[in-house]
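Taken in sequence, the protein lines are chains Y and X. With the numbering used here, the residue at position 229 of the first sequence is 229, and numbering never jumps. For the numbering used here, count along the second sequence from 1 and bump the result up by 1000. For glycine and all other residues, C-beta sits at the position ideal for the given N, C-alpha and C. Reading through the structure tokens given below for one structure.
2 protein chains.
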Amino acid sequence: MSVLIAERPGAGTGEDGTSLPFPYLLFLGDVTEAGFAKTAFGLRDWAPDKCVGEFSIPGASVSTGLAPMRPPEAVARGARGLLIGVANPGGVIPDTWMPALLEALESGLDIVSGMHAMLATFPALRDAAARLGRSLIDVRTPPAGIRVASGTPRSGKRILTVGTDCALGKKYTALAVSAGLQRRGIAADFRATGQTGIMIAGSGIPIDAVISDFLAGAAEMLSPAADPEHIDVVEGQGSLFHPSYAAVSLGLLHGSQPDGFIVCHDPSRTAILGHPAYPLPSIEAVILQTVALGRTTNPAIRCYGISLNTSSLSADEAERALEDTSQRLALPAADPMRPGDRFERLLDACIA
Amino acid sequence: MSVLIAERPGAGTGEDGTSLPFPYLLFLGDVTEAGFAKTAFGLRDWAPDKCVGEFSIPGASVSTGLAPMRPPEAVARGARGLLIGVANPGGVIPDTWMPALLEALESGLDIVSGMHAMLATFPALRDAAARLGRSLIDVRTPPAGIRVASGTPRSGKRILTVGTDCALGKKYTALAVSAGLQRRGIAADFRATGQTGIMIAGSGIPIDAVISDFLAGAAEMLSPAADPEHIDVVEGQGSLFHPSYAAVSLGLLHGSQPDGFIVCHDPSRTAILGHPAYPLPSIEAVILQTVALGRTTNPAIRCYGISLNTSSLSADEAERALEDTSQRLALPAADPMRPGDRFERLLDACIA
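In structure tokens:
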């Protein structure tokens, strides 16, 4: 993450220099389309303990259901950061948001953003942050100090979510699995590699923004050595079969050194998203390729199970798809959005 | 490449914004160890038409054999850039070089550097370049405007050198193959992906310095669509089996969409350089993995042959190693440093 810390180095960041300033006040701007507030909804659903309320400006018609409040009240309730929970086409920060963002800084909040536009490129924000000693944190920017991967084995267990494509449930699956393991009393952490995941976790590395030479090294840094029984559940990115992003997937695989992986798949998809000439790989192909490449840094790597995104299917169709997939591959198959026995069996496989 | 162009945007770069200002005057500083002048020797050997002479300061005891001259004479002979052809441990630019570098700028030369230290971070150089309208070019910095890979097939043929490891002849092989093809009257270009290669070619992209998301896109940009019979010979990087750099190799493979590849190997090496716990993969494993991954973006990909770095072997041993390798794999095997029939058969395979 890029942390502009004016006058007060370290302000607003955690002890390790990578934690975000939660709890957050979720900023919704003047959003009128629920789809553009996905980040805020993700925070509400996955990190309710990190959210004290929501804040919007006149014109907004979307709400997360959290208590509406202005920055001073949020600060009084313990908030440390204003998190921009809304996106618009282009990822720009409109002028109409500026008074609200400045109010947040004046009230003592840092600002956390995943927008394309970098916060520090707005002179009004930069000047106010400098004057007030507040931080402007762009989660799309990797932290400093990432090293080349060592390839050295490390203690602790790691699970990586991989996929037949982008955008079909790797973050959701990793969140659900880490939460499920924690519910069973297992020491587990979700390790975030994309901007929404980083906001939810409060830390992480936007892996696709790392310089190529340091990609595997960033993945090593993200899931460091831990107690032998501790489990890091690492949010996957892209797909080894993606014509644009496979390198990101491979660097993350090599650096994570996962003991096991879960293949995420959407049975309704037939081609790589945005690349109609590229047929979707089979789950089998992804398992074989992930093992073939992953064993470079962890020879014991194996597939723990399958996460199917069955959002396009009825309950009956979903059950049939999960049963068929599980039978065919002799592996647990579950949709984390449909909790129950199947998901518990997937968790069983993760700790077997 | 990072081009600081003070006051005169575009100065010192070619029409496409990526060509370096050759011919060069090779700067040797005060070098006393031939090993530290590797870049200058590489330029002399592979791009003699791009070098007008050499320039060193008192204390230097190493020479490339090119005519010694000061910057004004080099300019009179057509030089456009001073190329720092010497490295020292740490890649720093010592104060003792500064008068020579400033003399170059004053004489009308741009400066080209592959050092770790960025030229523009030296106030004296930055100020002089700004005042004189000269460029300070760091070839370790990728160009702007790299896009995400499209994955769309493109015209022209491409050959990629791949390897069982780093630093065993991928650049040398690509240079030798492109020169060999040109000698046969074939339209071929060497496409550089590392700093020395970029200086030799006069253009290129330092692929390992590209942001991960744009890695395959950079490789697409590096070897653009060309005439159907034109051949781009792309300098490979790393190895698909390297614990730190495999992602770089994969992004380069996917974006290059090579029709064929040459596996570079050093028979004296038993482990990945700097990673003794990682055994060197076999040539066979590299062929299988390169085909398995490369066919994502070019289903017709195949191995054209093997380039053995036999520098540690006697002539007889080298011949035996080449014959054994060729027999075992049923592919041409040659050491480009030992020209002859074997190398010609490798070229035959590249155009079959």
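### Task
State the DSSP-derived secondary structure class of residue 338 (chain Y), mapped to helix, strand or coil.
As a first step, residue 338 (chain Y) must be located in the first sequence, where it is residue number 338. Coil.
### Message
Measuring alpha carbon to alpha carbon, tell me which residue in X:1085, X:1124 and X:1110 is nearest residue 1099 (chain X).
### Response
Residue mapping note: residue 1099 (chain X) aligns to position 99 of the second sequence, counting from 1. Checking every option, the nearest Cα to that of residue 1099 (chain X) belongs to X:1124.
### Task
Using a Cβ-Cβ cut-off of less than 8 Å, list which residues of the stretch 1207-1237 of chain X approach chain Y; keep chain order.
Taking 8 Å as the Cβ-Cβ cut-off against chain Y, the residues of the stretch 1207-1237 of chain X that qualify are 1207, 1208, 1209, 1210, 1211, 1212, 1213, 1215, 1216 and 1217.
### Query
Using DSSP with H/G/I as helix, E/B as strand and the rest coil, what is residue 242 (chain Y)?
As a working mapping, residue 242 (chain Y) is identified with position 242 in the first sequence. In this structure, residue 242 (chain Y) counts as coil in the three-state DSSP scheme.
### Query
Taking only beta-carbon atoms, is residue 241 (chain Y) less than 8 Å away from chain X?
Here residue 241 (chain Y) refers to the residue found at position 241 of the first sequence. Yes - at least one Cβ of chain X is within 8 Å of the one on residue 241 (chain Y).
### Message
Count Cβ pairs between the stretch 1192-1211 of chain X and the stretch 223-242 of chain Y that sit closer than 8 Å; are there 3 or more?
### Response
no
### Task
Report yes or no: do the stretch 105-112 of chain Y and the stretch 53-66 of chain Y share at least 3 C-beta pairs separated by less than 8 Å?
Counting C-beta pairs closer than 8 Å gives fewer than three between the stretch 105-112 of chain Y and the stretch 53-66 of chain Y, which falls short of the contact rule.
### Query
Of all Cβ atoms in chain X, is any one closer than 8 Å to the Cβ of residue 296 (chain Y)?
Residue mapping note: residue 296 (chain Y) aligns to position 296 of the first sequence, counting from 1. Interface residue, yes.
### Query
Out of curiosity, what's the CA-to-CA distance linking residue 1215 (chain X) and residue 244 (chain Y)?
Against the second sequence, residue 1215 (chain X) aligns to sequence position 215. Against the first sequence, residue 244 (chain Y) aligns to sequence position 244. When rounded, the distance between both Cα atoms is 8 Å.
### Query
What do you reckon, are the CB atoms on residue 139 (chain Y) and residue 114 (chain Y) nearer than 8 Å?
Numbered from its first residue, the first sequence carries residue 139 (chain Y) at position 139. Numbered from its first residue, the first sequence carries residue 114 (chain Y) at position 114. Cβ distance < 8 Å, so residue 139 (chain Y) and residue 114 (chain Y) count as in contact.
### Query
Do you know how far the Cα of residue 1301 (chain X) is from the Cα of residue 1291 (chain X)?
In the second sequence, the residue the question calls residue 1291 (chain X) occupies position 291. In the second sequence, the residue the question calls residue 1301 (chain X) occupies position 301. Distance between the alpha carbons of residue 1291 (chain X) and residue 1301 (chain X) is about 6 Å.
### Task
Indicate, with yes or no, if the ligand SAM has a heavy atom lying under 7 Å from the CB of residue 82 (chain Y).
Within the structure as shown, the ligand SAM is missing, as the structure has no ligands at all.
### Message
Can you confirm whether the stretch 144-158 of chain Y touches the stretch 225-235 of chain Y when touching is taken to mean that 3 or more C-beta pairs between the two stretches lie within less than 8 Å?
### Response
yes
### Message
Contact criterion: CB-CB distance below 8 Å. Does residue 244 (chain Y) meet it with respect to chain X?
### Response
Taking the first sequence and counting its residues from 1, the one referred to as residue 244 (chain Y) is at position 244. Cβ-Cβ to chain X under 8 Å: yes for residue 244 (chain Y).
### Message
So, does the stretch 1259-1274 of chain X touch the stretch 1298-1316 of chain X, judging by three or more C-beta pairs under 8 Å?
### Response
yes
#### Entry: Residues near residue 1338 (chain X) in its chain [Cβ-Cβ closer than 6 Å; skip 5 each side]
Numbered from 1 along the second sequence, position 338 holds the residue referred to as residue 1338 (chain X). Nothing meets the Cβ criterion.
### Query
When the Cα atoms are used, what is the spatial distance from residue 360 (chain Y) to residue 1084 (chain X)?
Any question about residue 360 (chain Y) goes unanswered here, given that chain Y covers just 1 to 352.
### Proximity to residue 358 (chain Y) [Cα-Cα], best of Y:42, Y:52 and Y:220
With chain Y represented from 1 up to 352, any question about residue 358 (chain Y) goes unanswered, as that position is not in the structure.
#### Entry: Whole-number beta carbon distance between residue 1213 (chain X) and residue 248 (chain Y), since they are thought to touch under 8 Å
Your numbering for residue 248 (chain Y) matches position 248 in the first sequence. Your numbering for residue 1213 (chain X) matches position 213 in the second sequence. Contact holds; Cβ gap of about 6 Å.
### Task
Go ahead and label residue 67 (chain Y) buried or exposed: buried means 16 or more other beta carbons lie within 10 angstroms of its beta carbon, across all protein chains shown.
Within the first sequence, residue 67 (chain Y) is the residue found at index 67, counting from 1. With a threshold of 16 other beta carbon atoms within 10 Å, residue 67 (chain Y) falls short and is exposed.
#### Entry: Under 8 Å from the C-beta of residue 112 (chain Y): neighbouring residues of chain X
Taking the first sequence and counting its residues from 1, the one referred to as residue 112 (chain Y) is at position 112. Those do not exist, as residue 112 (chain Y) stays about 21 Å from chain X at its closest Cβ, beyond 8 Å.
### Task
Look at the alpha carbon of residue 1345 (chain X) and the alpha carbon of residue 210 (chain Y), and state the distance between them as a whole number of angstroms.
In the second sequence, the residue the question calls residue 1345 (chain X) occupies position 345. In the first sequence, the residue the question calls residue 210 (chain Y) occupies position 210. Cα to Cα, the separation comes out at about 41 Å.
### Message
Can you give me the C-alpha to C-alpha distance between residue 273 (chain Y) and residue 350 (chain Y), rounded to a whole angstrom?
### Response
Numbered from its first residue, the first sequence carries residue 273 (chain Y) at position 273. Numbered from its first residue, the first sequence carries residue 350 (chain Y) at position 350. Their backbone Cα atoms lie some 29 Å apart in a straight line.
### Task
Below 8 Å CB to CB, which residues in the same chain sit around residue 1173 (chain X) once its five sequence neighbours on both sides are set aside?
Here the question's residue 1173 (chain X) lines up with position 173 in the second sequence. In its chain, beyond the 5 residues on either side, 1161, 1262, 1264, 1307 and 1336 have a beta carbon closer than 8 Å to the beta carbon of residue 1173 (chain X).
### Task
With a cut-off of 8 Å on the beta carbons, I'd call residue 1112 (chain X) and residue 1081 (chain X) a contact; round off their distance for me.
Start at 1 with the first residue of the second sequence, and residue 1112 (chain X) comes out as number 112. Start at 1 with the first residue of the second sequence, and residue 1081 (chain X) comes out as number 81. Contact holds; Cβ gap of about 5 Å.
### Task
Select from the stretch 1129-1157 of chain X all residues with a C-beta closer than 7 Å to any C-beta belonging to chain Y, and list them in chain order.
The residues in question are 1148, 1149 and 1151.
### Query
Considering only residues of the same chain and omitting the five flanking positions on each side of residue 1271 (chain X), which have a CB-CB separation below 8 Å?
The residue given as residue 1271 (chain X) occupies position 271 in the second sequence. 1277, 1278, 1279 and 1280, listed in sequence order.
### Task
Run down chain X in chain order and give the residues with a C-beta less than 9 Å from the C-beta of residue 248 (chain Y).
On the first sequence, residue 248 (chain Y) is found 248 positions in, with the first residue counted as 1. Going along chain X in sequence order, the residues near residue 248 (chain Y) (Cβ under 9 Å) are 1212, 1213, 1215, 1247 and 1251.
#### Entry: Cβ neighbour criterion (16 or more within 10 Å) applied to residue 1348 (chain X)
If you number the second sequence from 1, residue 1348 (chain X) lands on position 348. Residue 1348 (chain X) is exposed by the Cβ-count criterion.
### Task
Determine, using beta carbons only, whether residue 116 (chain Y) comes closer than 8 Å to chain X.
Walking along the first sequence from the start, residue 116 (chain Y) turns up at place 116. Judged by the 8 Å Cβ criterion, residue 116 (chain Y) is not in contact with chain X.
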